[in-house]
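Q: FYI, in the UniProt record's numbering the residues of the sequence shown are 1 to 303. Beta carbons: idealized from backbone N, C-alpha and C, even for Gly. Quantities reported herein were computed from a predicted structural model and do not represent experimental measurements.
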Amino acid sequence: MFPIKKVESMQCKREYFCLEPAKFRLDGGAMYGIIPRPLWNKVHPSDEENRIDLALRLILIKDGDKVILIDTGIGDHNPDKFNQRFDVRSKKKPLALALAEIELTPDDVTDLILSHLHFDHIGGIGELVDEKMQPVFKKARCHIHRDHYEYAHAPTDRDAGSFHTKNFDPIVKWYEEQGLMQWHQGEEGEILELSSGALNFKCSHGHTPFLMHPYDENFIYLADLIPTSNHVHIPWVMGYDISPGVTTKDKKEFLKFIYERNLTMIYEHDPKFWGGKLQEENGQYSCQKNFDQIDSMAYKLEF
1 MFPIKKVESM QCKREYFCLE PAKFRLDGGA MYGIIPRPLW NKVHPSDEEN
51 RIDLALRLIL IKDGDKVILI DTGIGDHNPD KFNQRFDVRS KKKPLALALA
101 EIELTPDDVT DLILSHLHFD HIGGIGELVD EKMQPVFKKA RCHIHRDHYE
151 YAHAPTDRDA GSFHTKNFDP IVKWYEEQGL MQWHQGEEGE ILELSSGALN
201 FKCSHGHTPF LMHPYDENFI YLADLIPTSN HVHIPWVMGY DISPGVTTKD
251 KKEFLKFIYE RNLTMIYEHD PKFWGGKLQE ENGQYSCQKN FDQIDSMAYK
301 LEF
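(1) Whose C-beta lies closer than 8 Å to the C-beta of E187 among residues of the same chain, with five residues either side of it excluded?
(2) Assign Q288 to buried or exposed, taking buried as 16 or more other Cβ atoms, counted over all protein chains shown, within 10 Å of its Cβ.
(3) Could you check the C-alpha separation between D159 and R14 for me, to the nearest Å?
(4) If distances are taken between C-alpha atoms only, which option among G64, L192, S229 and L225 comes closest to V43?
(5) Counting only the same chain and skipping the five closest in sequence on each side, list residues whose C-beta sits under 8 Å from that of G276.
(6) What three-state label does DSSP hand L95 in the structure shown?
(7) Looking only at its own chain, which residues have a Cβ that is under 7 Å from the Cβ of W183, when we skip the five neighbours before and after it?
(8) Please report how far the alpha carbon of P45 lies from the alpha carbon of F86, in whole angstroms.
(9) Where C12 and K139 are concerned, what is the direct C-alpha to C-alpha distance, given to the nearest angstrom?
(10) Given this structure, state the Cα-to-Cα distance separating E176 from C142, to the nearest angstrom.
(11) What span of residues does the alpha helix (DSSP H) with E176 cover, start to end?
(12) Would you say the stretch 206 to 213 touches the stretch 240 to 247, given that touching needs at least three Cβ pairs under 8 Å?
(13) Could you pull the DSSP bridge partners for W183 from this structure?
(14) Measuring straight from C-alpha to C-alpha, what distance separates R57 and L19?
(15) With a floor of 3 residues, list each beta strand (DSSP E) that falls wholly inside the stretch 222 to 301, ordered by position along the chain.
(16) To which residues of the same chain is L112 closer than 6 Å at the C-beta, ignoring the five residues directly before and after it?
(17) State the start and end residues of the unbroken alpha helix (DSSP H) segment that holds residue 356.
(18) When the Cα atoms are used, what is the spatial distance from P79 to I294?
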């Protein structure tokens, strides 16, 4: 059995789950940009190396005969030096273990949606088999934004280290060869049809160009635009962002979009809260309520 978290929202035929295959740490200053350490450290304490604890939170949707996974975490194929640097805490085959908690396997996944191609979001797409990267989700259709994929192969020197192309390119090529690659384009659009309505996307550009945010009538996956509940505050922008000023504009637009549709925000990296709801006062948006993270590799959400 898996724990269930009740959310006050309308009922839906779909089933939603959070998967948390691993945790890791990043530098707190980099995660909070120009915000002084005495401020962010109060709400997100760091370790002795100034690193803060972060979740790797994925969303899985069961809708009729579709099993949809959004993002894949950091994977289990990275070298020891990498895992020590980022304090990656994971088991072997972490996604298979998380899926088993809800009685699924990687082969049950019909659609794999990747918000963007940074290593902590796409790492779980493949696994090392005889020293070669092989796909984990062999029966899934893979969804990636075409313009972001092209950017990942010509990034700036500042963010080139975030794109581990040697790990994901062989998998993308495999999906193309199998006729399972679905490219998306534009600022917004439909990813796929659901039993009622559709799973759509809307792009942001401050963190990385054409970061794809999936959403339906219940939730939106914020990925690295608003990675934690603390980042709902407009000036709290990551130092990792390629265009921090663009991030502030994106956040204003997205917060208005989220509030008007009464969507539940999914925080991909918040170690305390899996999601939250917005409130508005005098044109300013803040968290009305945050939903506690559950100490499990997989747990069900009810919207």
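A: To lay it out plainly:
(1) K202 and C203, listed in sequence order.
(2) Exposed, since its Cβ has fewer than 16 Cβ neighbours within 10 Å.
(3) 37 Å
(4) With distances taken between Cα atoms, V43 lies closest to S229.
(5) Cβ within range, chain order: S229, V232, T264, M265, Y267, C287, Q288, K289, N290 and F291.
(6) helix
(7) I144 and R146
(8) 16 Å
(9) No answer about C12 holds up, because its pLDDT of 47 lies below 50 and its placement is not dependable.
(10) 9 Å
(11) Note, E176: alpha helix (DSSP H), T165 to E177.
(12) yes
(13) In the DSSP output, where bridge partners are listed per residue, W183 has I144.
(14) Answer to the nearest angstrom: the Cα atoms are 6 Å apart.
(15) 264 to 266, 273 to 281 and 284 to 292
(16) Excluding five sequence positions before and after L112, the CB atoms of its chain that fall closer than 6 Å to its own CB belong to L69, F137, A140 and C142, given in chain order.
(17) Only positions 1 to 303 of the chain appear in this structure, which leaves residue 356 out of reach.
(18) For P79 and I294, the distance between alpha carbons rounds to 29 Å.
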